[in-house]
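Read the structure below first, then the notes.
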Amino acid sequence: MTTIQCTINGRAETIEAPPMKRLLDVLREDLHLTGAKEGCGEGECGACAVLINGDLVNSCLVPILQVEGARITTIEGIAINEQLHPIQQCFLTEGGAQCGICTPGMILATHHLLAKHPQPTLAQIQEGLNGNLCRCTGYMRIFHAVQQAAGAAK
Amino acid sequence: MWFGATVRSTIPRGRITSIAFDPSIPWHEFTIVTAADIPGENTIVHLAKDHPCLASTHVNHVEEPILLLAHPDKAVLPAAAAAVRITYEELPAIYTIEESEKKEQIIWGEGEHTNTFKTYLMQKDRQPIPEEIWQTADFIVEGEYRTGAQEQLYIENNGVIAEYNPETGVTVRGSMQCPYYLVHALELVFDLPAEKCRVIQTETGGAFGGKEDFPSVIGSHAALLAMKSGHPVKLCYDRGEDMAATTKRHPSRTRHRTAVSKDGKLLAGEIDFAIDGGAYMTLSPVVLSRGTIHAPGPYHWPYLTVRAKAVATNIPPHGAFRGFGAPQSIFALERHMDKIAKVVGLTPEELRRRNFLSTGDRTATGQILKDPVDMQQLLTRALEESNYHAKRVQFDRENPTSTIRRGIGFATFFHGAGFTGSGERRLNSLVAIELTPEGQPSILVSSTEFGQGTNTILCQVAAQTLRLAYDQVVIAQPDTRHVPNSGPTVASRTAMVVGKLVERAAQSLCSTLVAGDYLKHDYSPEEFRQGALNYLRQHGHLRAEARYESPGDIFWDDETYSGEAYPAYAWAAYVAEVAVDTTTYAATVTNFHAIQEVGKVLHPVLAAGQIEGGVAQGIGYALYEKCLWHNGHLANNQMTNYIMPTSADLPPIHVSFEEVPSPHGAFGAKGIGELPMDGPAPAILNAIEHATGIAFNEIPLIPEDIFERMTRTPDAGTEDLNPAVAGPIFSETIA
Amino acid sequence: MRSNVSQYELIAPGSLDAVLQILADSPDHYTPIAGGTELMVALGAGKLLPRKLISLWNLRELRFIETTPDALVLGAGATFTDIRKHHILAKEFSILAQAASWTGSIANQNRGTIGGNIVNASPAADSPPALLAYDATVTLVSTRGPRTMPYSDFHLAYKETALEPDEILHSITLLRNYEGYKTYIRKVGPRNAQAISKVALAGLALVADGVIQDIRLGAASLREYPARLAATEETLLHQPITLAAIATARGAILTEARPIDDIRSTAKYRATVAANLLEEFLRSL
């Protein structure tokens, strides 16, 4: 067992876990932050995506020991003071979510994309989200949602 | 909470000779369930009782569940499952429709049903095709078309939590489409009445049919573990297990033989339609049924014979997947129509136009199309919106000097909404609306939300009917203790059939309040709430119900397979633009237009989302999603090697709707959930034929297949139509 | 999740020297793990055999990209995102930057390291073809000190590298020699993103008056490890770019390539597509 300290959604956390325990499992099982989902366990679907120090990563591939001292943001940390973040609002109104299982990862990927490219082209949106698989939407409305969110931020 | 795991067969067919438990594991900590522990029948029931809940003496497919383990520590289960040593006496296994037909190995059934789950003979007007038609036809066109298995690949894997109480019975919560299907399965497995089998649907991360019949398996398993361990048990599959062990779309083989006149009129058609059901029956007869009825497409057939069969192989049983037999037979038909056009010397468009059904015509099952249908106009619109004609000319001009060959093709089709024929009557769906203590209408249905918008549209229907704001209506979580059986959430029936029942129940609720003077006729939303609260104060509760009523003019004969197959059809024309890169032999879809007539669009964003998502799955079906079977094992059971299109692979998908309200559905709605699955694959392969001049007739069509054909005959352009050369697949006779 | 994580040990000593000391003291007992994009997949699948791991993640001695007037040195711990962001690398070693851009998804590029990509030694890896074309040298390091070799000598056999049990890959050095070279890199996979390559070709060529002065070709999935196509290069060196030269080169690559049939593709497809990619490159010159 190891003890690590990190910040999750702005809160300091002390975590005791086997050092190879996946960040995804620590979030879901130890911290009950179940917004990150296991869709594949192999870093392909992006449903487990979180931000570590502002970088988008697949939490199913991160051993907990390696987030010592890190600042982690999960989907639970995206809303602002109980209000939906503009990205979340745009996903809602544009039909960017159908079943919703890929949505936490998609929103984090969008957050990450817009931080790098505030006014992304469609190609940049496609690339930014290429690690998040959605089986329901065919991606069209997700792209619209991202474009709307970029416009809302302007 | 304990956690469950499943110990599965590693061979495709054989007799279990021994089961041993490696002493390195502290087995006393585990609960172990075998077939001997099943209190009721060792069967997962759908249409037959052939499917064991747990294998006892024999296995018939790789991954067949043999025993179950539970333990409080999830982490120890994989090693424990691997430490169960099972030996088998292997038997020869079969994996294809052809092997099954040969009947050298009988793996299912007996007598005329050996290896055959179901057969249908559908003959228009119960008439066999007169021999003179074949003798005198100007052309006879034959073709064989094949489709592969497809994994539903919902991003959330199958998972359930089960509890057992000796007094109150079984409770299962989980990701699923049809809570009452699981209730029925549990009744048999546990020999308990329905009241003691409680099933609750939890938030479901995608389903597409993959959680229609399969939850009966995983739900029964978790419940058995809960019973024997005395603890709640969570049983969730990881991706590898879900892909390897659960249901997929039925592979198919369709053979067409068509008599055509020289002016392109279909004279007669013989269609042999075969699907591979895997090791056990599950829903194969119903998949076969829908595939059979959709096999002739939206065309007029003076004579038509469809011989259909669902056969058994030693592959994990196939099951429901959006489209449910129709994508398979429609793929074959729409490829075949393009072939007929070429043989006769017409354009693909002209051939369709000369054969489309229209209002008042009779379908192949003899159903009169009473509701208006205008495929001519739908096709015109699709070709216009996609700029089809100009692009065909442009691509023809540019392709010879380009390494990227571009093409454009289309498919025209329909999809019946609701259960076939007498199915809805048998389902006898019931819907209720009750008032909550706050005076809000709460919809009680077993119809489930899994992304397609069930909750939204049913609340819209109720709100519209009751003249309330959308937010004033709530819908209860599908918990079989509280909600009636409104039928399964399948078959594109929710908007049309269940929506209609919600509308009627809402009307009934309103009538009760108005009749009792709790509401005036022209009440406002706030007055509704007050009236509702007054009623509750006086009477305690209010619940209105509506039960399915078969439209008087729908008759279906299961014996002769004739009559009104579906109360309503959605009609569509889809156009696909492709680019085939001759450097890599990869085909990609570069643009897509989906035009459909759907009765009534209840929610524009949700409806378009359904079409876009279905088209995306159809593109995967056509070009990317190949199941690789090695001796009955799915070798590519990971997301890294089962190739689903990413956001970088899909084209812009342009969706347009037309509306001809149906009398049967809520506010005129017809079903659309499955429709978009039918059109993409044939439209894409028609486009690829335009781009390359090569007729591909099997999906998924991957670059290696295109490579094989393109490099086999490097000088070939258009396929040789000379009957002397073309061989047995194609024959042509000139009168 | 098919592994019992309590059966695994992971330590993060925090400095390169400490890591090397531990590897020296107990060679073969600790397996290095950097970003985890390979090893954690194996863990999830229940297939991670080594039980003791040592973290290289984010060690500043390994995660760097430095330039001198003559060379660019990539620390093995540089992530693909680090590589894509580096302006000089993107400008002077564009095909490496491109390879980084299609290595997995954005999320995986934020964690995957070039060292991991090389040491994992998959013949399908994305960076090696470009590194081979750029004639990279690799520096391996242990408590016994550093040693440097051409990257083309690093792979010995399928999934077998020149690393000693107590060594790790320290850095990759590229000489800033490629001004004026025409570039080519193309990856052929089953889809446009998040794909393991079926075949990939990286090429650099210096052309003067229609004659090839220098040519380098690196390929993925044509041999049991990333391969520099020396024999094919030989047929093109000092040749004018004619249809005949292209045909000869096609023949050479079909001979030099020894691809296999596997779950992802077929040998015949890989070989022919490799020849097509080569032709595409040559026609662009």
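Residue numbers (the working numbering), protein chains in the order written: chain A, 1 to 154; chain B, 155 to 889; chain C, 890 to 1174. Backbone N, C-alpha and C define an ideal beta-carbon position, used for all residues, glycine too.
- Task: Decide yes or no for the touch test of the region 904–914 of chain C against the region 1055–1067 of chain C: beta carbon pairs closer than 8 Å, at least 3 of them.
- Result: The region 904–914 of chain C makes contact with the region 1055–1067 of chain C: 3 or more CB pairs, one atom from each, lie closer than 8 Å.
- Query: Could one say the Cβ of P310(B) lies closer than 7 Å to chain A's Cβ atoms, at least one of them?
  - Reply: As a working mapping, residue 310(B) is identified with position 156 in the second sequence. The question names Pro, but residue 310(B) is Glu in the sequence shown. At least one chain A Cβ lies under 7 Å of E310(B).
- Using 7 Å as the limit for Cβ to Cβ distance, is T872(B) near chain A? The sequence position of residue 872(B) within the second sequence is 718, counting from 1. Any reading at T872(B) needs caution, since the residue's pLDDT is 40, under 50, leaving its predicted position unreliable; the model's value is listed next. Among the residues facing chain A, T872(B) is not included, as its CB has no counterpart in that chain under 7 Å away.
- Message: I want to see whether chain A comes within less than 7 Å of I807(B), judged by CB atoms only; does it?
- Response: The residue you call residue 807(B) lines up with position 653 of the second sequence. At a cut-off of 7 Å between beta carbons, I807(B) contacts chain A.
- Any idea what DSSP makes of D859(B), helix, strand or coil? Along the second sequence, read from residue 1 onward, the residue named residue 859(B) stands at position 705. Judged by DSSP in its simplified three-state form, D859(B) adopts helix.
- Query: Can you list, in chain order, the residues of the region 1049–1081 of chain C whose Cβ is nearer than 7 Å to any Cβ on chain B?
  - Reply: From the region 1049–1081 of chain C, only V1077, P1079, R1080 and N1081 have a Cβ closer than 7 Å to chain B.
- Using only alpha-carbon positions, find the residue among R403(B), K365(B) and L500(B) that is nearest to Q304(B). For the purposes of this step, residue 304(B) is taken as the residue at position 150 of the second sequence. Among R403(B), K365(B) and L500(B), the Cα nearest to that of Q304(B) belongs to R403(B).
- Message: So, for A233(B): in the same chain, excluding its five sequence neighbours on each side, which residues have a beta-carbon less than 8 Å away from its beta-carbon?
- Response: Residue numbering aside, residue 233(B) sits at position 79 when the second sequence is read from its first letter. These residues qualify, in order along the chain: I179.
- Select from G1092(C), H1059(C), A1091(C) and A1133(C) the residue whose C-alpha is nearest the C-alpha of A923(C). Reading the third sequence from its first residue, position 34 is the one you call residue 923(C). Residue H1059(C) is the option with its Cα nearest to A923(C).
- Item | CB of P1035(C) within 7 Å of CB of A1108(C), strictly | Looking up residue 1035(C) in the third sequence gives position 146. Looking up residue 1108(C) in the third sequence gives position 219. In this structure, P1035(C) sits away from A1108(C), with a CB-CB distance that is not shorter than 7 Å.
- For Y1158(C) and chain B, any beta-carbon pair shorter than 7 Å? Here the question's residue 1158(C) lines up with position 269 in the third sequence. Y1158(C) counts as touching chain B.
- Task: Throw me the rounded Cβ distance for the E218(B) and A209(B) pair, which I believe falls under 8 Å.
- Result: One-based indexing of the second sequence puts residue 218(B) at position 64. One-based indexing of the second sequence puts residue 209(B) at position 55. Contact between E218(B) and A209(B) holds, since their C-beta atoms are separated by about 5 Å, short of 8 Å.
- Message: Going by C-alpha to C-alpha distance, which of A398(B), S374(B), M397(B) and G394(B) sits closest to V387(B)?
- Response: On the second sequence, residue 387(B) is found 233 positions in, with the first residue counted as 1. Closest by alpha carbon: S374(B).
- Task: Reducing DSSP to helix, strand and coil, say where G993(C) ends up.
- Result: In the third sequence, the residue the question calls residue 993(C) occupies position 104. Three-state DSSP puts G993(C) in coil, outside helix and strand.
- 7 Å Cβ cutoff, E858(B) in contact with chain C: The sequence position of residue 858(B) within the second sequence is 704, counting from 1. Any Cβ of chain C closer than 7 Å to the Cβ of E858(B) would place that residue at the interface, and such an atom is present.
- Does the beta-carbon distance from T436(B) to H200(B) come in below 7 Å? Numbered from 1 along the second sequence, position 282 holds the residue referred to as residue 436(B). Numbered from 1 along the second sequence, position 46 holds the residue referred to as residue 200(B). With respect to the 7 Å criterion, T436(B) and H200(B) are classified as neighbours on the basis of their beta carbons.
- Query: For a contact meaning CB atoms closer than 8 Å, what does A123(A) contact in chain C?
  - Reply: Along the first sequence, read from residue 1 onward, the residue named residue 123(A) stands at position 123. Chain-order list of chain C residues neighbouring A123(A): empty, with the shortest C-beta distance near 11 Å, by a criterion of under 8 Å.
- Message: Three or more C-beta pairs under 8 Å: does that hold for the region 821–840 of chain B against the region 565–578 of chain B?
- Response: Yes, the region 821–840 of chain B is in contact with the region 565–578 of chain B.
- Query: Under 7 Å Cβ-Cβ, which residues of chain A neighbour S801(B)?
  - Reply: Walking along the second sequence from the start, residue 801(B) turns up at place 647. Under the 7 Å cutoff, chain A gives Q126, L129, N130 and Y139.
- Message: Along the region 37–49 of chain A, where does the CB come closer than 8 Å to a CB of chain C? Name the residues.
- Response: Only those residues of the region 37–49 of chain A whose C-beta falls short of 8 Å from the nearest C-beta of chain C are listed: E38, G41, E42, G43, E44, G46 and A49.
- Message: Rounded to whole angstroms, what is the Cα-Cα separation between V890(B) and R393(B)?
- Response: Chain B is shown from 155 up to 889; residue 890(B) falls before or after that span and cannot be answered.
- Going by the beta-carbon positions, is the gap between S601(B) and V651(B) smaller than 7 Å? What you label residue 601(B) is simply residue 447 of the second sequence in a count that begins at 1. What you label residue 651(B) is simply residue 497 of the second sequence in a count that begins at 1. Not in contact: S601(B) and V651(B) (Cβ atoms no closer than 7 Å).
- According to DSSP, is W288(B) helix, strand or coil? The residue you call residue 288(B) lines up with position 134 of the second sequence. Helix, per DSSP.
- Item | Contact list for Q1083(C) against chain A, beta-carbon separation under 7 Å | In the third sequence, counting from the first residue as 1, residue 1083(C) sits at position 194. Correct list: E44, N130 and G131.
- Query: For chain C, is any of its Cβ atoms less than 7 Å away from the one on M106(A)?
  - Reply: Reading the first sequence from its first residue, position 106 is the one you call residue 106(A). With 7 Å as the cut-off, M106(A) does not count as an interface residue toward chain C.
- Message: Need the endpoints of the beta strand (DSSP E) that S254(B) sits in, please.
- Response: Residue numbering aside, residue 254(B) sits at position 100 when the second sequence is read from its first letter. That residue, S254(B), is in no beta strand (DSSP E); its alpha helix (DSSP H) goes I251 to K256.
- Taking only beta-carbon positions, decide if N795(B) is within less than 7 Å of chain C. Walking along the second sequence from the start, residue 795(B) turns up at place 641. Interface residue, yes.
- Task: Determine the chain C residues that contact D396(B) at a beta-carbon separation under 9 Å, and present them in chain order.
- Result: Locating residue 396(B) in the second sequence gives position 242, counting from the first residue. Residues of chain C passing the Cβ test: none, with the nearest at roughly 13 Å.
- Query: Do I283(B) and A486(B) have their C-beta atoms closer together than 7 Å?
  - Reply: By one-based count along the second sequence, residue 283(B) stands at place 129. By one-based count along the second sequence, residue 486(B) stands at place 332. Their beta carbons are not under 7 Å apart, which means I283(B) does not touch A486(B) by this criterion.
- Query: Contact between the region 265–273 of chain B and the region 741–750 of chain B: three or more CB pairs below 8 Å?
  - Reply: No contact exists between the region 265–273 of chain B and the region 741–750 of chain B.
- Who are the near neighbours of L584(B) in its chain, counting only those whose CB is closer than 8 Å to its CB and skipping five residues on each side? Your numbering for residue 584(B) matches position 430 in the second sequence. Spatial neighbours of L584(B) in its own chain (CB-CB distance under 8 Å, excluding positions within 5 residues in sequence) are listed in chain order as P638, N639, S640, L655, E699, A700, R701 and Y702.
- Message: DSSP three-state label for K780(B), please.
- Response: Indexing the second sequence from 1 puts residue 780(B) at position 626. The DSSP-derived three-state label of K780(B) is coil.
- With DSSP collapsed to three states, give me the class of P1018(C). Mapped onto the third sequence, residue 1018(C) falls at position 129. In this structure, P1018(C) counts as helix in the three-state DSSP scheme.
- Message: Please return the same chain residues whose Cβ sits closer than 6 Å to the Cβ of I522(B), not counting the five positions on each side in sequence.
- Response: Indexing the second sequence from 1 puts residue 522(B) at position 368. Contacts found: R516.
- Message: So L27(A) contacts chain C; which residues on that side make the cut at Cβ distance below 9 Å?
- Response: Sequence index remark: in the first sequence, residue 27(A) carries index 27 (1-based). Those within 9 Å of L27(A) in chain C number zero; the least Cβ separation is about 13 Å.
- Query: Within 10 angstroms of its Cβ, does R11(A) collect 16 or more other Cβ (buried), or is it exposed?
  - Reply: Locating residue 11(A) in the first sequence gives position 11, where the first residue counts as 1. Exposed, because fewer than 16 other Cβ atoms sit within 10 Å of the Cβ of R11(A).
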